[in-house]
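When you line the sequence shown up against numbering that gives the first Met the number 0, it's residues 0 to 666, in that order.
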Amino acid sequence: MFSYKAVVILLMLFPLEVVYGQEQPRQLKEITVKAQPQLVRKEIDRVIYDVQSDPDNKVESAIEMLAKVPLLAVDGDGNIRLNGSGKYRIFINGKPSSLMTRNPKEALKSMPALIISKIEVITTPPAKYDGEGLAGIINIITVKQRQNGYNGSLGANFNRYVGTGQHGYLTLKQGKFGVNVYGYLYQDLKMKTNERTTRNSVTSVLSQNADNTYYSRFGAGTAEVSYEMDSLLLFSGSMSYYNSHDHYNSQRTTVLDSITTDNYNSKYLHSGALDINVSLEKGFKRHKKELFTIGYQYHHMPEELTTNNQYNSSLMEEHTLQADYSHPFTRWLMEAGVKWIDRVGGATYDTVSKNRFRYNQQIWSAYNSWQFSSRLLDVRAGVRLEYAVLQRGTYYTSLLPVIAILHAFPHASAGITYSQKVERPSLTQLNPFTDENNPYVYVSGNPFLLPVKQHKVDLSYTLNTKAGFHSMLTYNVSSNDIQQVVAVHDSVSVSSYQNIGRNSSVRLSTGVNFQISGKLRLIANLDAGYQVFNENSGWSASGFVNLAYRISEQWRLTSTVYGATPVITYQGLSNGSVIHVTRLTKTFLHNHLSVSGSVSNPYGRYRYIISAINTDQFHQQNRIQRYYRTFAVSASWNFGHLSGNVRKAQRNIKNEDLEIKSKSLSN
Numbered sequence: 000m001f002s003y004k005a006v007v008i009l010l011m012l013f014p015l016e017v018v019y020g021q022e023q024p025r026q027l028k029e030i031t032v033k034a035q036p037q038l039v040r041k042e043i044d045r046v047i048y049d050v051q052s053d054p055d056n057k058v059e060s061a062i063e064m065l066a067k068v069p070l071l072a073v074d075g076d077g078n079i080r081l082n083g084s085g086k087y088r089i090f091i092n093g094k095p096s097s098l099m100t101r102n103p104k105e106a107l108k109s110m111p112a113l114i115i116s117k118i119e120v121i122t123t124p125p126a127k128y129d130g131e132g133l134a135g136i137i138n139i140i141t142v143k144q145r146q147n148g149y150n151g152s153l154g155a156n157f158n159r160y161v162g163t164g165q166h167g168y169l170t171l172k173q174g175k176f177g178v179n180v181y182g183y184l185y186q187d188l189k190m191k192t193n194e195r196t197t198r199n200s201v202t203s204v205l206s207q208n209a210d211n212t213y214y215s216r217f218g219a220g221t222a223e224v225s226y227e228m229d230s231l232l233l234f235s236g237s238m239s240y241y242n243s244h245d246h247y248n249s250q251r252t253t254v255l256d257s258i259t260t261d262n263y264n265s266k267y268l269h270s271g272a273l274d275i276n277v278s279l280e281k282g283f284k285r286h287k288k289e290l291f292t293i294g295y296q297y298h299h300m301p302e303e304l305t306t307n308n309q310y311n312s313s314l315m316e317e318h319t320l321q322a323d324y325s326h327p328f329t330r331w332l333m334e335a336g337v338k339w340i341d342r343v344g345g346a347t348y349d350t351v352s353k354n355r356f357r358y359n360q361q362i363w364s365a366y367n368s369w370q371f372s373s374r375l376l377d378v379r380a381g382v383r384l385e386y387a388v389l390q391r392g393t394y395y396t397s398l399l400p401v402i403a404i405l406h407a408f409p410h411a412s413a414g415i416t417y418s419q420k421v422e423r424p425s426l427t428q429l430n431p432f433t434d435e436n437n438p439y440v441y442v443s444g445n446p447f448l449l450p451v452k453q454h455k456v457d458l459s460y461t462l463n464t465k466a467g468f469h470s471m472l473t474y475n476v477s478s479n480d481i482q483q484v485v486a487v488h489d490s491v492s493v494s495s496y497q498n499i500g501r502n503s504s505v506r507l508s509t510g511v512n513f514q515i516s517g518k519l520r521l522i523a524n525l526d527a528g529y530q531v532f533n534e535n536s537g538w539s540a541s542g543f544v545n546l547a548y549r550i551s552e553q554w555r556l557t558s559t560v561y562g563a564t565p566v567i568t569y570q571g572l573s574n575g576s577v578i579h580v581t582r583l584t585k586t587f588l589h590n591h592l593s594v595s596g597s598v599s600n601p602y603g604r605y606r607y608i609i610s611a612i613n614t615d616q617f618h619q620q621n622r623i624q625r626y627y628r629t630f631a632v633s634a635s636w637n638f639g640h641l642s643g644n645v646r647k648a649q650r651n652i653k654n655e656d657l658e659i660k661s662k663s664l665s666n
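See the structure below:
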């Protein structure tokens, strides 16, 4: 860089020649300009959170990252709610995952956030999606690399009173061929809890006190491959596998009408899953958005439960064929497709009598959708026709419309959506096996459940300024809603699934993402709503606040608080919770190595999880005491370099019609 030195010139009374300044070298200070990325953006039917732009992605888990996403809430037990509802689907790269269906809490607790590119909350899925997933879809998109070569990461974490985990990720790309591989392991430390149950009914009085021990081992892995046959033809495939072992032991004292008994219970649950996906995508030279895709998907989900005197072995298999076509016009995009799903489920229980349960379901569907896009207005409308055939000789047809409108303003947007959905009961809900591990508390399924039908309307407003703001008002009403119902018979409470009839709710969700200064960022989400069941109604709310402070280029401090009021259930309510986590992170080796330490809930050693049921026939309360204060450390190392991306098919098979059901080992 150069500046100019002053030169004194003596003026004469005769013409002067051109005079030039003398150049003098001078070193200027280097200026670094850092743009602060916008973490949240709104599209016509979804909210998108950019995980890769969040500096905490190297040390947080997927479930910790989900808590930051607008419309999502994660409680102290790792339960996720979308807009106040637990009826949603979780996808990986646009595909349904057996792991996320069977055991989402363990999977998301184990999955590192650094392998996630972004998280989409699809509140109004378009017509190309299956008619189920009442609240919407959570789509987790993993990192896509864009150069030839390799890239990867290795990491580990330890959490006092919770467990240890290890994870790895590797991407290889050479020419037209690419591979993605990632996996994670998690081992729960032996967790001790104390559980107390009291029940007063018209015929008996029950009191139970149990000391429980629980531990588990969990592992999952995924491999994805792609091959570009030519510039217009892409083959892609993936295989995922997971395996879980859970052990539960309980020493219980029971007092029933002044009579005391002691018993020891043990329970072992082994579950797994295998997913296989293959697809062929054909492009056309006329338009880059004109695509034809055909794909096949296979799910295999076994589960085996063994107790002191019972046995239950279940298996769910699913085959899916799907074809999709999209064609762009000037400002329009037309999409159409057909799909066939064949589900076969079954269970063998009671080793003495060899009772068996079999269930078969076939779903035929077709859809057509149109989208109009302009500078200020986006409109998407479509319809889906589904024809379901059940093994019992019953069938039903569903015509499901969906429409979404988004209008853009300077630095803001507003939208309205309407959709109809159905929800078919899962194998867990249908299986008639009765778990009698606790002789006074039984749990079973119901093979005669009917599908749920829902109408939903969303109003949204987004402000795209430095303090990004998002809000959504949702109203939904369901008929034949499926809930868990408890009844008391002969001193034994029996919990089963039933179609309870009408269920409606209205809920307001808001979120703000504000870069207060160059070093301080605030993320805050709040939702509140009113739920109405046939037998119960009430308010509930939850809030999330995250403050992140960049101390220096290598040091970062974050503090997170989550709180929730009691949650209304069909027959009662469960208590609220407050979580506080403080994390300090240090990076080394030009940000290739990240190490963090955190403390959670330092103000109390234990947390009490309380649920209550109140009916005209009985009153029941269950209280579980578990460790709440924990300390954790984690580390991750990134390596490699890439220079072409592993292409994935733009269209994937998505089965959204079964509600997520995580396993439970509670008595």
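We put the CB at the ideal spot given by N, CA and C, even for glycine.
6 Å CB neighbourhood of residue i in its chain, flanking five on each side removed
| i | result |
| --- | --- |
| Thr-416 | Thr-123, Ala-403, Asp-457 |
| His-286 | Pro-327 |
| Thr-196 | Gln-207, Asn-621 |
| Val-343 | Glu-316, Asn-359 |
| Tyr-395 | Ala-387 |
| Thr-433 | Tyr-441, Ser-443 |
| Ser-539 | Thr-564, Val-566, Ile-567 |
| Gln-497 | Val-484 |
Counted within 10 angstroms of its Cβ, other Cβ atoms place residue i as buried (16 or more) or exposed
| i | result |
| --- | --- |
| Pro-103 | buried |
| Ile-47 | buried |
| Arg-45 | buried |
| Pro-36 | exposed |
| Glu-213 | Inspection of the sequence shows that residue 213 is occupied by Tyr rather than by Glu. So Tyr-213 ends up on the buried side. |
| Asn-354 | exposed |
| Asp-74 | buried |
| Pro-450 | buried |
| Arg-604 | exposed |
| Gln-428 | buried |
| Ser-551 | exposed |
Residue i in three-state terms, based on DSSP
| i | result |
| --- | --- |
| Ile-515 | coil |
| Pro-95 | strand |
| Glu-63 | helix |
| Ala-106 | helix |
| Arg-101 | helix |
| Ile-114 | helix |
| Lys-86 | coil |
| Asp-53 | coil |
| Gln-620 | strand |
| Leu-70 | coil |
| Gln-428 | helix |
| Asp-256 | coil |
| Pro-327 | strand |
| Ile-293 | strand |
| Leu-679 | Nothing about residue 679 can be read from this structure; the chain reaches only from 0 to 666. |
| Asp-229 | strand |
| Asp-480 | strand |
| His-286 | coil |
| Leu-588 | coil |
| Tyr-386 | strand |
| Leu-133 | coil |
Length of the line joining the Cα atoms of residue i and residue j
| i | j | result |
| --- | --- | --- |
| Ile-79 | Lys-108 | 12 Å |
| Pro-125 | Gln-553 | 43 Å |
| Pro-69 | Val-254 | 46 Å |
| Ser-325 | Asn-367 | 10 Å |
| Arg-357 | Arg-379 | 40 Å |
| Gln-186 | Tyr-241 | 14 Å |
| Gln-165 | Ser-478 | 44 Å |
| Asp-341 | Leu-171 | 34 Å |
| Val-484 | Asn-437 | 17 Å |
| Leu-273 | Leu-462 | 42 Å |
| Glu-289 | Gly-575 | 50 Å |
| His-318 | Tyr-297 | 5 Å |
| Thr-509 | Ser-470 | 4 Å |
8 Å Cβ shell around residue i - same chain, five flanking residues per side excluded
| i | result |
| --- | --- |
| Lys-175 | Tyr-226, Glu-227, Met-228 |
Sequence-distant residues of its chain with Cβ nearer than 7 Å to residue i (five each side left out)
| i | result |
| --- | --- |
| His-244 | Ser-215, Arg-216, His-269 |
Exercise. Could you give the uninterrupted runs of the alpha helix (DSSP H) lying entirely in the segment 153 to 224, keeping only those of 4 residues or more?
Worked result: none
Problem set entry | 3-residue-minimum beta strand (DSSP E) runs that sit fully inside the segment 390 to 426, ordered along the chain | 394 to 408, 411 to 422
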